[in-house]
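First comes the structure, then the notes that go with it.
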Amino acid sequence: MVRRVPGVFLNHGNSSMLRMRVLLMAWNAFVSSGDPARTAAWARQGVRLLGVGLVSLVLAACSTPGSGASQPGVLDSALQMVGLQRVSLQTPDAVNLPSLQKPPKTLRVVIRLHAGDLLNSDTNGQSLPVVARIYELREKEAFERAPATAFDGEKNHLPAELADALLGSREVVLTPGQRYEVTETLPEGTRYIGVLALFRAPAQGRWRHVFDARAASETGLTLGVHACALSVASGQALDVAPELTRLAGVQCS
Numbered sequence: 001m002v003r004r005v006p007g008v009f010l011n012h013g014n015s016s017m018l019r020m021r022v023l024l025m026a027w028n029a030f031v032s033s034g035d036p037a038r039t040a041a042w043a044r045q046g047v048r049l050l051g052v053g054l055v056s057l058v059l060a061a062c063s064t065p066g067s068g069a070s071q072p073g074v075l076d077s078a079l080q081m082v083g084l085q086r087v088s089l090q091t092p093d094a095v096n097l098p099s100l101q102k103p104p105k106t107l108r109v110v111i112r113l114h115a116g117d118l119l120n121s122d123t124n125g126q127s128l129p130v131v132a133r134i135y136e137l138r139e140k141e142a143f144e145r146a147p148a149t150a151f152d153g154e155k156n157h158l159p160a161e162l163a164d165a166l167l168g169s170r171e172v173v174l175t176p177g178q179r180y181e182v183t184e185t186l187p188e189g190t191r192y193i194g195v196l197a198l199f200r201a202p203a204q205g206r207w208r209h210v211f212d213a214r215a216a217s218e219t220g221l222t223l224g225v226h227a228c229a230l231s232v233a234s235g236q237a238l239d240v241a242p243e244l245t246r247l248a249g250v251q252c253s
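Following this line, the structure appears as structure tokens:
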């Protein structure tokens with residue numbers, strides 16, 4: 001049962017001193033009741049209420065600019081008097097949250113191969129079909145180093161170093177004047193795309209090119225396939241002089 005003290009109303013506008021005074025008045029009323037058991041019980045409750053009142057005063061002092069009670073030690077001591085403990089709150093920066101990793105973005109590349117009317121010409125200047133291949137690679141060095149003869153066989157006959165770097169491949173047979181287009185969804189881990197054509201007599205340094213996969217996903221790749229060389233219309237070929245990506249100056253044997 002709660003006893004009300006006549007004429008006293010507690011609200012948010014009362015000062016901490018008024019709260020303390022009310023607590024003391026309630027304490028005196030219970031002590032003077034004359035019942036020893038009841039007095040002992042309310043004594044314990046009164047001590048706690050008195051402590052809470054002291055904490056209220058300290059908290060009020062903490063809100064006063066320039067008050068020395070704003071120091072952590074003062075507030076902690078007051079809370080300990082009534083068996084309480086201040087909770088230490090961590091800022092969001094200090095909370096150790098599990099790292100949320102986004103799944104790797106799937107790369108898609110539009111690849112266009114445009115075969116010229118004069119394609120993979122023979123010694124008589126006649127056009128012939130040509131095999132073109134697209135390689136999805138985790139590394140490019142083995143692809144760049146391998147001789148043309150390394151690509152003559154099937155995929156499972158590639159040099160071990162190149163096979164280790166290979167994540168996927170596609171083969172297409174082009175005929176003169178054909179335009180081939182495909183959207184490749186690259187396997188996870190693909191960093192480079194290699195494109196080559198197995199010409200009968202390839203021009204040196206012009207029968208294969210390698211591209212950065214992420215850059216190619218933004219620009220797409222468009223390559224011309226000619227009598228003995230490739231040309232690059234869109235996409236940035238890596239590790240090759242710009243003139244070797246153009247058809248001008250090509251001499252076919």
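For what it's worth, full-length UniProt numbering labels the leading residue of the sequence shown as 1, then goes sequentially.
The C-beta atom is built at its ideal place from N, Cα and C for all residues, glycine as well.
Would you mind stating whether residue 246 and residue 234 have Cβ atoms separated by less than 7 Å?
On the sequence shown, residue 246 is found 246 positions in, with the first residue counted as 1. On the sequence shown, residue 234 is found 234 positions in, with the first residue counted as 1. Cβ atoms of residue 246 and residue 234: not closer than 7 Å.
Taking the alpha-carbon positions, what's the residue 169 to residue 184 distance?
Here residue 169 refers to the residue found at position 169 of the sequence shown. Here residue 184 refers to the residue found at position 184 of the sequence shown. The straight-line gap from Cα to Cα measures roughly 10 Å.
Should residue 166 go down as buried or exposed, given a rule of 16 or more other Cβ atoms within 10 Å for buried?
In the sequence shown, the residue the question calls residue 166 occupies position 166. Result: buried.
Going by DSSP in three states, residue 141 sits in which element: helix, strand or coil?
On the sequence shown, residue 141 is found 141 positions in, with the first residue counted as 1. Correct three-state label for residue 141: helix.
Using 8 Å as the threshold, is the stretch 138-151 in touch with the stretch 112-130, meaning 3 or more CB pairs across them?
Too few Cβ pairs lie closer than 8 Å, so no.
DSSP state of residue 221, grouped into three classes?
Here residue 221 refers to the residue found at position 221 of the sequence shown. It is a strand residue.
Of the listed residues 197, 142, 219 and 201, nearest to residue 107 (C-alpha basis):
To locate residue 107, count along the sequence shown from 1; it is residue 107. Comparing C-alpha distances from residue 107 to each of 197, 142, 219 and 201 shows the shortest one belongs to 219.
Relative to the ligand SAH, is the shortest distance from any of its heavy atoms to the C-beta of residue 207 smaller than 6 Å?
You won't find the ligand SAH in this model; it holds no ligand whatsoever.
Residue 209, buried or exposed, once every other Cβ within 10 Å from all chains shown has been counted against 16
If you number the sequence shown from 1, residue 209 lands on position 209. Around the beta carbon of residue 209, a 10 Å sphere encloses 16 or more other beta carbons of the protein chains shown; the residue is thus reported as buried.
Residue 214: which of 123, 136 and 115 sits nearest, CA to CA?
Along the sequence shown, one-based indexing puts residue 214 at 214. Nearest option by C-alpha distance: 136.
Using a 10 Å radius around the Cβ and a threshold of 16 neighbouring Cβ atoms, would you call residue 242 buried or exposed?
Taking the first residue of the sequence shown as position 1, residue 242 is located at position 242. Per the 10 Å Cβ criterion, exposed.
Selection from 194, 229, 226 and 174 that minimises the alpha carbon distance to residue 256
Because the chain is modelled from 1 through 253, residue 256 falls outside the range shown and cannot be assessed.
Same chain only: Cβ atoms within 8 Å of residue 162, ignoring 5 sequence neighbours per side
Walking along the sequence shown from the start, residue 162 turns up at place 162. Cβ neighbours of residue 162 beyond the five flanking positions: 142, 143, 146 and 150.
Span of the beta strand (DSSP E), counted from its first residue to its last, around residue 174
Here residue 174 is taken as the residue at index 174 of the sequence shown, counted from 1. Residue 174 -> beta strand (DSSP E) spans 166-174.
Give a yes or no on whether the C-beta atoms belonging to residue 171 and residue 133 are separated by under 7 Å.
Working through the sequence shown from its first residue, we reach residue 171 at position 171. Working through the sequence shown from its first residue, we reach residue 133 at position 133. Remark: C-beta atoms of residue 171 and residue 133 approach each other more closely than 7 Å.
Helix, strand or coil for residue 112? Go by DSSP, reduced to three states.
As a first step, residue 112 must be located in the sequence shown, where it is residue number 112. Looking at residue 112 - three-state DSSP - the assignment turns out to be strand.
Euclidean distance between Cα positions of residue 181 and residue 249:
Numbered from its first residue, the sequence shown carries residue 181 at position 181. Numbered from its first residue, the sequence shown carries residue 249 at position 249. Distance from the CA of residue 181 to the CA of residue 249, rounded to the nearest whole angstrom, comes to 27 Å.
N- and C-terminal bounds of the beta strand (DSSP E) containing residue 199
As a working mapping, residue 199 is identified with position 199 in the sequence shown. Note, residue 199: premise wrong, no beta strand (DSSP E); not H, not E.
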